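A.B. asks: Keeping their order, the protein sequence lines are chains F and W. Take the first sequence: its letter number 317 is residue 317 in my numbering, and every next letter is one higher. Take the second sequence: its letter number 109 is residue 559 in my numbering, and every next letter is one higher.
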Amino acid sequence: MDNYRVLSPTAILGYGFPKESFYEGLKRDPDIIAVDAGSTDPGPYYLGAGVSFTDGNAVKRDLEIIIGGALEHQIPVLIGTAGGCGANSHLQWNLNIIKHLAKEKNWNFKIAVISSELDKDYLLQQLEKGKIVPLHPAPELTPSDILTSTNIVAQMGVEPLIKALNDGAQVVLAGRCYDPAVFAADAIRKGYDPGLAIHMGKILECGAIAAEPGSGSDSALGTLVNDGFIVEPLNPKRRCTVTSVAAHTLYEKTNPLELPGPGGVLSLAETQFHKHSDTAVKVSGSKFIPTDKYYVKLEGAKKVGYRTISIAGCRDPIMISQIDNIINEVRKTVADNFSSQGYEYNLQFHVYGKNGVMGPLEPTPECGHELGIIIDAVAQNQDIANTICSFARSTMLHFGYPGRIATAGNLAFPYSPSDFKAGEVYEFSLYHLLEVEDQLKLFPVKILEV
Amino acid sequence: MKEVPITELAKVIRSKNSGPYELTLDIIFKDQEGYRLAMQSNIINEDTIANLYKINKEQIINIVPFPQALAIKATIVRTRSSGALGETDVYGAQQHAPLLKLKVPYYEK
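(1) Does the segment 405-424 of chain F touch the segment 381-393 of chain F, meaning 3 or more C-beta pairs lie closer than 8 Å?
(2) Does the beta-carbon of K551 of chain W, which I'm using as the reference point, lie nearer than 7 Å to any heavy atom of the ligand ZN?
(3) Give a yes or no on whether 8 Å exceeds the smallest Cβ distance from I493 of chain W to chain F.
(4) May I ask which residues mark the beginning and end of the beta strand (DSSP E) holding S149 of chain F?
(5) Does the separation of the CB atoms of P160 of chain F and L440 of chain F fall below 8 Å?
(6) Could you spell out the range, first to last residue, of the alpha helix (DSSP H) harbouring Y23 of chain F?
(7) Residues bridged to H274 of chain F by DSSP?
(8) Closer than 7 Å, Cβ to Cβ, to anything on chain W: give me those residues from the segment 366-383 of chain F, in chain order.
(9) Quick one, which residues of the segment 536-554 of chain W are near chain A if we go by CB-CB under 8 Å, in chain order?
(10) Quick check on this structure: which residue in F:S416, F:D41 and F:L397 has the alpha carbon closest to the alpha carbon of T407 of chain F?
(11) So with CB distances below 8 Å, who are the chain F contacts of I499 of chain W?
(12) Nearest-angstrom Cα distance between E104 of chain F and I505 of chain W?
(13) Can you tell me which residues form a DSSP beta bridge with P233 of chain F?
(14) Please state the DSSP three-state secondary structure of Q348 of chain F.
(15) Output the boundary residues of the beta strand (DSSP E) element that contains L165 of chain F.
(16) How about K421 of chain F: is its C-beta nearer than 8 Å to some C-beta of chain W?
(17) Looking at chain F, is there any beta carbon in it that lies within less than 8 Å of the beta carbon of Q518 of chain W?
(18) Assuming I309 of chain F contacts A422 of chain F under a Cβ cut-off of 8 Å, what Cβ separation, rounded to an integer in Å, is found between them?
(19) Name, please, each residue of chain F whose Cβ falls closer than 8 Å to the Cβ of E472 of chain W.
(20) For K303 of chain F and E64 of chain F, I'd like the C-alpha separation in whole angstroms.
(21) Do you know how far the Cα of E496 of chain W is from the Cα of G356 of chain F?
(22) So, helix, strand or coil for S531 of chain W, using DSSP?
(23) Kindly indicate which three-state DSSP category G80 of chain F falls into: helix, strand or coil?
(24) In whole angstroms, give me the CA-to-CA distance for N381 of chain F and Y343 of chain F.
(25) Determine, using beta carbons only, whether I428 of chain F comes closer than 8 Å to chain W.
(26) Determine the contact status of Y506 of chain F and A312 of chain F, defining contact as a CB-CB distance below 8 Å.
(27) Could you compute how far the alpha carbon of S491 of chain W sits from the alpha carbon of L552 of chain W?
(28) With respect to the alpha helix (DSSP H) encompassing H199 of chain F, which residues constitute its N-terminal and C-terminal limits?
(29) Work out the CA separation of I114 of chain F and A82 of chain F for me, nearest whole Å.
(30) Which of the residues in the segment 429-447 of chain F, read from start to end, lie with their CB under 8 Å from any CB of chain W?
(31) Where in the segment 455-517 of chain W do unbroken runs of the alpha helix (DSSP H), each at least 4 residues long, occur, reported from the N-terminal end onward?
(32) Output the boundary residues of the beta strand (DSSP E) element that contains R307 of chain F.
(33) Kindly list, in the order they appear in chain F, the residues whose Cβ is closer than 9 Å to that of V454 of chain W.
(34) Thinking C-alpha only, which one of F:F399, F:N57, F:L78 and F:A58 is nearest V171 of chain F?
(35) Distance cutoff 8 Å, beta carbons only. Does N506 of chain W sit that close to anything in chain F?
(36) To which residues of the same chain is L135 of chain F closer than 8 Å at the C-beta, ignoring the five residues directly before and after it?
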């Protein structure tokens with residue numbers, strides 16, 4: 001079989017890349033350009049609220065170069081996890097950016113839009129039938145988790161992407177995707193080994209992060225050859241080494257030897273990494289092992305309230321030595337003051353300089369000479385969050401702890417106003433596996449002309 | 451028996467979420483010799499991780515060596531799901547620090 005090339009412009013659509021790297025990639029005659037646009041990494045807010053964690057202007061800048069280059073060279077572009085999380089609102093947001101661009105540039109092409117948001121009634125039925133299982137260590141799923149989630153998406157594998165390409169799409173805009181899927185779909189469609197194609201996708205989905213020095217804002221090229229694949233950066237400042245590529249394989253994964261995905265497991269137990277040139281690494285031996293049943297991963301987020309925070313510092317050593325007790329007393333005072341109101345709230349104190357970064361995992365929770373304190377109130381509405389934060393802040397500011405000498409105030413505020421409304425707060429509510437029989441039903445492909 | 455700080459043997463020591471419910475810890479060694487010393491001493495074991503992170507062994511999902519990358523990986527259950535109330539580190543990218551204090555024991559040749 002001929003060599004097959006995939007150009008990965010950047011780690012996340014909107015993270016940017018030097019044009020020179022991308023054009024160097026185009027010179028290598030790639031078969032497709034693929035880019036991952038999303039992640040659960042920024043936390044549950046973006047999935048829950050249905051907004052992107054990347055900026056619209058930055059996404060537009062990247063797409064102008066990517067789609068422009070693809071149209072000129074007549075090669076398909078695949079975008080995975082549109083809008084950051086792949087719910088319908090994310091997909092629509094990204095589609096609008098592409099439509100604006102097409103209008104500005106006088107572009108005309110076929111675009112496939114693949115939805116990945118799931119209907120709640122359908123999920124409730126599947127839960128009832130026992131088709132949804134938790135992904136350890138996520139908790140068991142209840143019907144209420146489904147009903148209270150604002151957005152629920154499933155991670156598609158390569159099948160819907162293959163259908164979109166078969167339908168002749170120039171650009172494939174996909175909802176939530178298994179990250180390597182957009183990089184591997186066309187190669188698998190053309191008969192290349194799925195284990196190698198998916199492993200190559202796993203490395204390319206982070207752009208040039210697997211190089212040295214690594215960067216998520218730079219391009220990389222992957223080439224499938226007879227007995228493996230080759231990865232290389234496209235910026236002469238970087239090079240891929242055996243260690244940098246092998247090390248990237250284990251990034252963000254539970255177990256480097258077995259990477260589960262839609263429909264099967266990528267087994268890396270026999271994977272070998274070899275130096276191919278001064279800047280390129282060859283990988284071989286990766287295998288895709290299909291599972292008996294086809295599972296896709298579900299992700300969902302639900303709203304848990306509204307947040308108000310106050311940021312302050314403390315430099316008094318007498319207060320610092322008693323900080324845990326003071327926080328407990330402030331909590332009690334807040335609870336006591338509003339006991340008759342029946343407010344439901346969650347009040348947290350993040351103490352930087354003690355255990356602000358690691359919380360309960362901190363092995364050495366010793367205080368520094370000054371502490372940063374964030375008072376964090378979450379309640380069922382913004383007004384109550386404001387009330388709790390404000391009261392906790394004023395109580396802590398004037399709290400009379402034993403041995404207090406500084407009577408003017410206990411906290412140093414860098415800002416006026418001291419309290420900030422942070423708005424809606426979400427939590428992950430679903431992280432489960434759904435057994436599916438027909439991926440194309442779950443992820444419908446719609447072809448549009450722009 | 452002597453000891454060498456793990457920071458002298460390792461090229462990368464990092465933490466990161468592996469999904470919203472897990473925290474994964476990677477130690478990647480500079481060379482074959484460092485990896486060999488760490489594996490031989492069995493320094494990255496369940497007791498070490500449980501003590502460093504003040505967790506029960508049940509919260510350790512796995513500890514897996516990946517010789518191709520000269521790496522040892524440990525994955526633990528997150529204290530709370532990423533971004534849940536009380537969160538301190540949404541990406542889980544600053545939970546590696548306790549590992550930096552490890553010392554790898556070895557016998558002089």
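From the three backbone atoms N, C-alpha and C, an ideal C-beta is built for every residue, glycine too. Predicted model, so just to flag it, every value in this text is computed and none were measured.
C.D. replies: In short, the structure shows the following:
(1) Touching, yes, given that three or more Cβ pairs across the two stretches are closer than 8 Å.
(2) The model depicted lacks the ligand ZN and carries no ligand whatsoever.
(3) Looking up residue 493 of chain W in the second sequence gives position 43. Against chain F, the CB of I493 of chain W has no partner CB under 8 Å away; the residue lies outside that interface.
(4) The sequence position of residue 149 of chain F within the first sequence is 149, counting from 1. Element bounds for S149 of chain F: S149 to A154.
(5) Translated into positions along the first sequence, residue 160 of chain F becomes position 160. Translated into positions along the first sequence, residue 440 of chain F becomes position 440. With contacts defined by Cβ atoms closer than 8 Å, P160 of chain F and L440 of chain F form a contacting pair.
(6) For this step, residue 23 of chain F is matched to residue 23 along the first sequence. From DSSP, the alpha helix (DSSP H) with Y23 of chain F extends over K19 to K27.
(7) As a working note, residue 274 of chain F is residue 274 in the first sequence. For H274 of chain F, which the question treats as bridged, DSSP gives the partners F:K282.
(8) Residues passing the 7 Å Cβ filter: V378.
(9) Judged by its chain identifiers, the structure shown contains no chain A, and its protein chains are F and W.
(10) Your numbering for residue 407 of chain F matches position 407 in the first sequence. Out of F:S416, F:D41 and F:L397, F:L397 has the C-alpha closest to the C-alpha of T407 of chain F.
(11) Against the second sequence, residue 499 of chain W aligns to sequence position 49. Within chain F, no residue comes near I499 of chain W; the closest Cβ sits about 11 Å away, beyond 8 Å.
(12) Here residue 104 of chain F corresponds to residue number 104 of the first sequence, with the count starting at 1. Here residue 505 of chain W corresponds to residue number 55 of the second sequence, with the count starting at 1. Roughly 56 Å between the two C-alpha positions.
(13) What you label residue 233 of chain F is simply residue 233 of the first sequence in a count that begins at 1. In DSSP, P233 of chain F forms a bridge with F:A220.
(14) Counting from 1 along the first sequence, the entry for residue 348 of chain F is found at position 348. It is a strand residue.
(15) Along the first sequence, read from residue 1 onward, the residue named residue 165 of chain F stands at position 165. For L165 of chain F, there is no enclosing beta strand (DSSP E); the enclosing alpha helix (DSSP H) has its first and last residue at E159 to N166.
(16) Here the question's residue 421 of chain F lines up with position 421 in the first sequence. No - not a single Cβ of chain W is within 8 Å of the one on K421 of chain F.
(17) Locating residue 518 of chain W in the second sequence gives position 68, counting from the first residue. Chain F contact via Cβ: present.
(18) Mapped onto the first sequence, residue 309 of chain F falls at position 309. Mapped onto the first sequence, residue 422 of chain F falls at position 422. Right, their Cβ atoms sit about 6 Å apart.
(19) Here residue 472 of chain W refers to the residue found at position 22 of the second sequence. Within chain F, the residues near E472 of chain W are P137 and T254.
(20) As a first step, residue 303 of chain F is located in the first sequence; it is residue number 303 there, counting from the start. As a first step, residue 64 of chain F is located in the first sequence; it is residue number 64 there, counting from the start. Looking at the two C-alpha atoms, the distance is approximately 35 Å.
(21) Mapped onto the first sequence, residue 356 of chain F falls at position 356. Mapped onto the second sequence, residue 496 of chain W falls at position 46. So the two alpha carbons sit approximately 25 Å from each other.
(22) Taking the second sequence and counting its residues from 1, the one referred to as residue 531 of chain W is at position 81. Coil at S531 of chain W, not helix or strand.
(23) Taking the first sequence and counting its residues from 1, one reaches residue 80 of chain F at position 80. Correct three-state label for G80 of chain F: strand.
(24) Indexing the first sequence from 1 puts residue 381 of chain F at position 381. Indexing the first sequence from 1 puts residue 343 of chain F at position 343. In this structure, the straight-line span from the alpha carbon of N381 of chain F to that of Y343 of chain F is close to 10 Å.
(25) Within the first sequence, numbered from 1, the residue matching residue 428 of chain F stands at position 428. The amino acid occupying residue 428 of chain F in the given sequence is Phe; Ile does not appear at that position. So yes, F428 of chain F belongs to the interface.
(26) For residue 506 of chain F there is no data in the structure shown, the boundaries of chain F being 1 and 450.
(27) As a first step, residue 491 of chain W must be located in the second sequence, where it is residue number 41. As a first step, residue 552 of chain W must be located in the second sequence, where it is residue number 102. The alpha-carbon separation between S491 of chain W and L552 of chain W amounts to approximately 12 Å.
(28) As a working note, residue 199 of chain F is residue 199 in the first sequence. Counting along the chain, H199 of chain F sits inside the alpha helix (DSSP H) bounded by residues P194 to L204.
(29) In the first sequence, counting from the first residue as 1, residue 82 of chain F sits at position 82. In the first sequence, counting from the first residue as 1, residue 114 of chain F sits at position 114. If you take the alpha carbons of A82 of chain F and I114 of chain F, they lie about 10 Å apart.
(30) Under the 8 Å Cβ criterion, the segment 429-447 of chain F contributes Y431.
(31) List check, alpha helix (DSSP H) in window: 456-459, 482-491 and 496-502.
(32) Your numbering for residue 307 of chain F matches position 307 in the first sequence. Counting along the chain, the beta strand (DSSP E) containing R307 of chain F begins and ends at Y294 to C314.
(33) Looking up residue 454 of chain W in the second sequence gives position 4. By Cβ distance, chain F contributes nothing, its closest Cβ being about 20 Å from V454 of chain W, past 9 Å.
(34) Here residue 171 of chain F refers to the residue found at position 171 of the first sequence. Residue F:L78 holds the alpha-carbon nearest to the alpha-carbon of V171 of chain F among F:F399, F:N57, F:L78 and F:A58.
(35) Counted from its first residue, the second sequence places residue 506 of chain W at position 56. Among the residues facing chain F, N506 of chain W is not included, as its CB has no counterpart in that chain under 8 Å away.
(36) Stepping through the first sequence from its first residue, residue 135 of chain F is reached at position 135. The residues are K297, Y431, H432 and L433.
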